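Novice: Residue numbers (our numbering), protein chains in the order written: chain G, 1 to 315; chain Y, 1 to 457. Here a beta-carbon is modelled for each residue, glycine too, at the ideal position from N, C-alpha and C. As the structure is a computational prediction, the values presented were derived from the model and not from experiment. Pasting a structure here, questions to come.
This is the structure we're talking about:
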C-alpha cells in the first residue's frame with residue numbers, strides 16, 4: 001500500500017519543540033552571567049520558576065483540561081526561565097509560585113494554551129507580581145547570594161534621579177554592557193543577551209525586525225526625552241529590561257504580529273512606550289508594560305497591516 | 001546573484017541522479033498512450049483497433065482550443081482504445097499499441113546533425129509546434145501553441161527559459177542541458193522568432209555550475225542574444241511569476257497573464273522539444289524522466305517513450321525498494337502522489353520519486369504558534385495561516401480579502417510550518433470556492449453590462 005497525500009511531500013523538519021529549544025540555548029549566556037553575578041540566588045530562582053511553570057502546565061492539562069499534556073513542547077520551560085529572568089534573584093519562592101501560576105494558569109492555559117494566548121505568559125506573570133508585590137519585586141540584590149544579601153537601586157532608577165537633578169553617580173556604559181550592575185536576574189548583561197539574540201538570528205528562530213525596531217525607536221525617543229544626551233540614551237538601551245525585552249520578550253511568537261511590516265510597527269511602538277513610561281511614568285522600568293500594551297494591539301496590527309504582496313501595484 | 005524578491009524556502013536538494021547520464025529506456029512489448037496529457041481538454045483518439053502505426057503517427061487530435069495532438073511513440077498495431085489510470089488514479093482514455101519493430105515516419109529527420117538554420121516563418125513555427133503536440137515540459141503541460149499566441153494587446157519583449165529545476169531530486173532538465181546545449185539554444189531562437197523578440201534569458205540555479213558554464217559557452221559561440229542568468233538557490237524559483245521576477249525584476253500583476261511583463265516563459269525541455277519539432281520534424285514522443293529516491297538502487301535519467309509503464313522505469317532503476325512508502329510523479333514539493341505504479345509515461349512527467357516509509361508520513365499537527373514562518377516563506381506575500389483558517393471555517397469573504405486567489409500552491413508554507421499544520425491542504429479547499437465566486441461575479445457583471453448595452457440600443 002502506498003501513502004497518498006497532497007503536496008508538499010517533504011517538510012523542513014522544524015518543530016515547535018526545536019524553536020523553543022533554540023530560545024533556551026539563546027538564554028544560556030545570560031543565565032551563566034546571572035549565576036556569576038548573583039550566585040546561588042540566581043540558580044534557586046531559575047530552577048524553581050521552571051519547576052513551577054512545568055508543574056502547573058502539567059497539572060492543568062492533566063486534571064483540569066484532561067487533554068494530553070503539552071509540557072513536551074518546552075514552552076513552559078521557556079516561560080519559566082523568562083519569568084525568573086524578570087524577577088530579583090532574592091525573591092521569595094512562594095511569590096515565584098504565584099507568578100508562575102498566573103503566567104501559566106491565567107495568561108496561557110485559560111486562553112487555550114500555547115498559540116492561543118494574547119499576552120506573553122512570562123510577562124503577564126512579571127507584571128502581576130510587580131503590582132501585587134511591589135516591594136519584593138523592586139528590591140534588587142547588588143551581590144551574590146540568596147537570603148540576606150545587600151540590595152540597592154538599579155541603574156535605571158539612578159538615571160531617573162540623575163535626570164531629575166539629583167546628585168548621583170550613574171554606572172558606566174561598560175558596566176551596563178557587561179552586566180556589572182543590579183537588576184532583575186537575567187536582564188543585567190546586555191552583551192550576554194545580545195549574544196543570545198545573535199544565535200536566534202543565526203538559527204532564523206526570529207527575524208531582526210522586532211529587536212532592531214524596538215532598540216532603534218527606544219534610542220531615538222530616549223535621545224529626545226532625556227535631554228538630547230546620547231550617552232544617557234545608550235545607557236537606557238543597555239539597562240533595565242530593554243535588551244531582554246527587545247530580544248526575548250517582544251519576539252514571543254504568539255503575542256507578536258505575523259508579518260515583518262506589522263513587526264516593525266509593533267517594535268517602534270514598544271520603544272516609544274517604554275521611553276515614555278521610563279521618563280514620565282511612576283516606574284523607572286517601562287519595558288514590560290510597553291510590550292504588554294502592544295501585545296493587546298497585535299490582533300489589530302494583524303488585521304490592518306498586510307505584508308508586501310506580489311503583483312499588486314498601489315494606485 | 002539574482003533571485004525572486006519575496007519569501008522562498010530551501011528544501012534539501014537531494015539531486016541523487018545529477019551525475020547519471022541519459023539512458024535510453026527499453027521499449028516494452030505493449031505501450032498505453034493516455035489521451036489526456038495536457039492542461040485543458042483531453043485529446044480525441046483518431047485510431048482504432050487493428051490500425052498500423054509508426055513512430056510519430058498522430059493517434060490523437062486536439063479536443064478543443066486548449067488541447068494537443070498525441071503521436072504514437074512506437075511502431076506496431078493498435079490493440080485497443082481503453083481507459084487507464086493516470087498518475088493521480090483518475091481514469092483517462094488511452095490507446096494501447098502492440099510494439100512491432102521500431103519503424104519511424106519518413107518525414108522525421110533521425111540524423112544526428114544539428115540543424116542551425118531556421119527556415120520556418122513565425123506562423124509556420126506555431127503551426128508546426130501544434131502539429132507536433134508540444135506542451136509545457138516542466139509539468140504544467142500547457143499547450144505550447146496557445147502560449148505562443150498571446151492576446152493582441154500583449155507586447156512581447158523577451159523569452160525566458162526555465163532551466164531552474166528548483167524541485168529537489170529532479171535532474172531531467174540538468175541532464176538535458178549537459179547533453180544538448182546547442183539544440184536548446186536553437187530552440188530558444190525558434191521561440192524568439194515565433195514571438196517576434198530579439199532577447200532571451202536562460203535562468204539556471206547555482207547548484208548546476210556545469211550546466212551554467214556549458215550553456216554560457218554555447219550561447220557565446222553563436223547565440224549572443226541569449227543571456228545565461230545564474231540564480232541564487234531558492235524554492236520556488238521555477239514558478240513562472242518567481243522566475244520572471246528573478247530574471248528581469250518585474251511583477252506579473254495579480255490576476256494577469258505573465259506576458260503582461262513582456263516575458264514569455266518556456267521550460268528548457270520545451271525549448272528542446274520545439275527544436276526537434278521545427279528542425280527535425282519530430283513529434284513529442286519521448287522525454288527525459290528522472291527516476292530517483294533515497295532507496296532507489298540506481299537513481300537514473302531515462303529517455304523514455306510516452307506510454308511506457310512507470311513500473312518498467314522503476315525496474316530499470318533497480319526496482320521498487322521494500323521500504324517504499326510513497327511514489328510521486330514529479331518532485332517532492334509540487335508532485336502528485338500516485339495510488340499505485342500502474343500508470344504510464346506522459347509528456348508532463350519529469351520525474352518518478354520513490355520515498356521511503358519514514359519519509360512518506362506526515363507528522364501530527366499541533367496548534368499554530370503564530371510564528372509567522374509561513375508568512376516569511378510565502379513567495380506571493382500572503383499569510384497562509386489566515387488563509388488556512390478562513391478555508392477551514394468557510395470564511396470566504398475573509399479569504400478573498402486575504403487574496404487566496406493569488407496562491408500558487410508551491411507548498412512553501414506547509415514545508416516550513418513548525419507545527420506541521422497542513423496549511424496548503426486547507427488553502428486548496430478554499431481557493432477554488434473563492435475563484436468560483438470571482439468568476440460568477442465577473443459573469444454577472446458582464447451580463448449586466450451587456451443588458452445595459454442592449455437597452456441603450
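Who are the Cβ neighbours of residue 277 (chain G) in its own chain at under 7 angstroms, not counting the five residues just before and after it?
Specialist: For the purposes of this step, residue 277 (chain G) is taken as residue 277 along the first chain, with counting starting at 1. These residues qualify, in order along the chain: 283, 286, 289, 290.
Novice: Buried or exposed: where does residue 440 (chain Y) fall if 16 or more other Cβ atoms within 10 Å of its Cβ makes it buried?
Specialist: For the purposes of this step, residue 440 (chain Y) is taken as residue 440 along the second chain, with counting starting at 1. When all chains shown are included, residue 440 (chain Y) counts as exposed.
Novice: Please name the residue, chosen from Y:343, Y:328, Y:2, that lies closest to residue 169 (chain Y) on a Cα-to-Cα basis.
Specialist: Taking the first residue of the second chain as position 1, residue 169 (chain Y) is located at position 169. Out of Y:343, Y:328, Y:2, Y:328 has the C-alpha closest to the C-alpha of residue 169 (chain Y).
Novice: Return the bridge partner residues of residue 290 (chain Y) from the DSSP annotation.
Specialist: For the purposes of this step, residue 290 (chain Y) is identified with residue 290 of the second chain, where counting begins at 1. DSSP output for residue 290 (chain Y) lists Y:301, Y:351 as bridge partner(s).
Novice: Tell me whether residue 88 (chain Y) is buried or exposed, calling it buried when 16 or more other Cβ atoms sit within 10 Å of its Cβ.
Specialist: For this step, residue 88 (chain Y) is matched to residue 88 along the second chain. Counting Cβ neighbours within 10 Å, residue 88 (chain Y) comes out exposed, since fewer than 16 surround it.
Novice: Alpha carbon to alpha carbon, how far is residue 319 (chain Y) from residue 296 (chain Y)?
Specialist: Within the second chain, numbered from 1, the residue matching residue 319 (chain Y) stands at position 319. Within the second chain, numbered from 1, the residue matching residue 296 (chain Y) stands at position 296. Cα-Cα distance, rounded: 7 angstroms.
Novice: Candidates Y:279, Y:284, Y:244: which alpha carbon is nearest residue 266 (chain Y)'s?
Specialist: By one-based count along the second chain, residue 266 (chain Y) stands at place 266. Ranking Y:279, Y:284, Y:244 by Cα distance to residue 266 (chain Y) puts Y:244 first.
Novice: Can you check whether the CB of residue 81 (chain Y) is closer than 8 angstroms to the CB of residue 93 (chain Y)?
Specialist: For the purposes of this step, residue 93 (chain Y) is taken as the residue at position 93 of the second chain. For the purposes of this step, residue 81 (chain Y) is taken as the residue at position 81 of the second chain. A contact, by the Cβ cut-off of 8 angstroms.
Novice: Put residue 426 (chain Y) into one of helix, strand or coil per three-state DSSP.
Specialist: Position 426 of the second chain, counted from the first residue, corresponds to residue 426 (chain Y). Three-state result, residue 426 (chain Y): helix.
Novice: Which chain Y residues sit within Cβ distance under 8 angstroms of residue 18 (chain G)?
Specialist: Walking along the first chain from the start, residue 18 (chain G) turns up at place 18. Result: 418.
Novice: Relative to the C-alpha of residue 36 (chain Y), which candidate in Y:119, Y:135, Y:112, Y:14 has its C-alpha closest?
Specialist: As a position in the second chain, residue 36 (chain Y) is number 36, starting the count at 1. Answer by Cα proximity: Y:135.
Novice: Given residue 152 (chain G), which residues of its chain have a CB within under 6 angstroms of its CB, disregarding the five upstream and five downstream residues?
Specialist: Here residue 152 (chain G) is taken as the residue at index 152 of the first chain, counted from 1. Counting only Cβ-Cβ distances below 6 angstroms, and skipping sequence neighbours, we find 142, 182.
Novice: Distance cutoff 8 angstroms, beta carbons only. Does residue 307 (chain Y) sit that close to anything in chain G?
Specialist: Sequence index remark: in the second chain, residue 307 (chain Y) carries index 307 (1-based). No, residue 307 (chain Y) does not count as interfacial toward chain G.
Novice: Is there contact here, the region 226-243 of chain G with the region 153-167 of chain G, by at least three beta-carbon pairs under 8 angstroms?
Specialist: In short, these stretches touch, since the Cβ pair count reaches three.
Novice: Going by DSSP, what residue range makes up the beta strand (DSSP E) through residue 306 (chain Y)?
Specialist: To locate residue 306 (chain Y), count along the second chain from 1; it is residue 306. Counting along the chain, residue 306 (chain Y) falls outside any beta strand (DSSP E), and DSSP gives it neither H nor E.
Novice: Pull up the distance between the alpha-carbon of residue 22 (chain G) and that of residue 240 (chain G), whole angstroms please.
Specialist: Taking the first residue of the first chain as position 1, residue 22 (chain G) is located at position 22. Taking the first residue of the first chain as position 1, residue 240 (chain G) is located at position 240. In a straight line, the C-alpha of residue 22 (chain G) is about 24 angstroms away from that of residue 240 (chain G).
Novice: Tell me which residues share the same chain as residue 71 (chain G) and place their Cβ nearer than 6 angstroms to its Cβ, disregarding the 5 neighbours each side in the sequence.
Specialist: Along the first chain, one-based indexing puts residue 71 (chain G) at 71. For residue 71 (chain G), where only same-chain residues beyond five positions count, the Cβ hits under 6 angstroms are 54, 57, 58.
Novice: Would you tell me roughly how many angstroms separate the C-alpha atoms of residue 66 (chain Y) and residue 142 (chain Y), rounded to the nearest one?
Specialist: One-based indexing of the second chain puts residue 66 (chain Y) at position 66. One-based indexing of the second chain puts residue 142 (chain Y) at position 142. Approximately 8 angstroms, taken between the alpha carbons.
Novice: Alpha helix (DSSP H) containing residue 266 (chain G): first to last residue?
Specialist: As a first step, residue 266 (chain G) is located in the first chain; it is residue number 266 there, counting from the start. Per DSSP, residue 266 (chain G) belongs to the alpha helix (DSSP H) from 260-280.
Novice: For residue 80 (chain G) and residue 107 (chain G), which I take to be in contact (beta-carbon distance under 8 angstroms), what is that distance rounded to the nearest angstrom?
Specialist: One-based indexing of the first chain puts residue 80 (chain G) at position 80. One-based indexing of the first chain puts residue 107 (chain G) at position 107. Not quite, the Cβ-Cβ distance comes to about 13 angstroms (not below 8 angstroms), so this is no contact.
Novice: Report the three-state DSSP secondary structure of residue 356 (chain Y) (helix, strand or coil).
Specialist: Counting from 1 along the second chain, the entry for residue 356 (chain Y) is found at position 356. Residue 356 (chain Y) falls in the strand class under three-state DSSP.
Novice: Give the residues of chain G in contact with residue 411 (chain Y), contact being defined as C-beta atoms less than 8 angstroms apart.
Specialist: Your numbering for residue 411 (chain Y) matches position 411 in the second chain. The contacting residues are 7, 8.
Novice: Unbroken alpha helix (DSSP H) runs of length 4 or more, entirely within the region 177-229 of chain G: which are they?
Specialist: Runs of the alpha helix (DSSP H) inside the region 177-229 of chain G: 190-202, 209-225.
Novice: With a floor of 4 residues, list each alpha helix (DSSP H) that falls wholly inside the region 166-191 of chain Y, ordered by position along the chain.
Specialist: Those alpha helix (DSSP H) runs which fall completely within the region 166-191 of chain Y and span 4+ residues are 172-179.
Novice: Could you please tell me which residues of the region 283-312 of chain G, in chain order, have their CB closer than 7 angstroms to any CB of chain Y?
Specialist: Per Cβ criterion, the list reads 307, 308, 309, 310, 311, 312.
Novice: Tell me where the alpha helix (DSSP H) around residue 55 (chain G) begins and ends.
Specialist: For this step, residue 55 (chain G) is matched to residue 55 along the first chain. Element bounds for residue 55 (chain G): 40-59.
Novice: Would you call the region 396-409 of chain Y and the region 356-366 of chain Y touching, i.e. three or more CB-CB distances under 8 angstroms?
Specialist: Taking 8 angstroms as the limit for Cβ pairs, the verdict is that the region 356-366 of chain Y does not touch the region 396-409 of chain Y.
Novice: Looking at the structure shown, is residue 109 (chain Y) part of a helix, part of a strand, or coil, going by DSSP?
Specialist: Here residue 109 (chain Y) refers to the residue found at position 109 when the second chain is read from its first residue. In this structure, residue 109 (chain Y) counts as coil in the three-state DSSP scheme.
Novice: Contact criterion: CB-CB distance below 8 angstroms. Does residue 253 (chain G) meet it with respect to chain Y?
Specialist: Within the first chain, numbered from 1, the residue matching residue 253 (chain G) stands at position 253. Interface residue, yes.
Novice: Using the beta-carbon of each residue, which ones in chain Y are nearer than 7 angstroms to residue 4 (chain G)?
Specialist: Counting from one through the first chain, the residue named residue 4 (chain G) turns up at place 4. What residue 4 (chain G) touches in chain Y: 337, 339.
Novice: Residue 120 (chain G) CB to nearest chain Y CB: under 8 angstroms?
Specialist: Translated into the one-based positions of the first chain, residue 120 (chain G) becomes position 120. No, because no Cβ of chain Y sits closer than 8 angstroms to the Cβ of residue 120 (chain G).
Novice: When Cβ atoms are compared, which residues of the region 354-366 of chain Y fall closer than 9 angstroms to chain G?
Specialist: Taking 9 angstroms as the Cβ-Cβ cut-off against chain G, the residues of the region 354-366 of chain Y that qualify are 355, 357, 359, 360, 361, 362, 363, 366.
Novice: Residues of chain G with a CB under 7 angstroms from the CB of residue 11 (chain Y): which are they?
Specialist: Numbered from its first residue, the second chain carries residue 11 (chain Y) at position 11. Correct list: 10.
Novice: Using a Cβ cut-off of 8 angstroms, pull out every chain G residue sitting near residue 254 (chain Y), in sequence order please.
Specialist: For this step, residue 254 (chain Y) is matched to residue 254 along the second chain. 309, 310, 311, 312, listed in chain order.
Novice: Which value, in whole angstroms, describes the spacing of the CA atoms of residue 332 (chain G) and residue 412 (chain Y)?
Specialist: Past the edges of chain G, shown from 1 to 315, lies residue 332 (chain G), and the structure says nothing about it.
Novice: To which residues of the same chain is residue 231 (chain Y) closer than 7 angstroms at the C-beta, ignoring the five residues directly before and after it?
Specialist: Within the second chain, residue 231 (chain Y) is the residue found at index 231, counting from 1. Correct list, in chain order: 1, 2, 3, 164, 203, 204, 205, 206, 237, 246.
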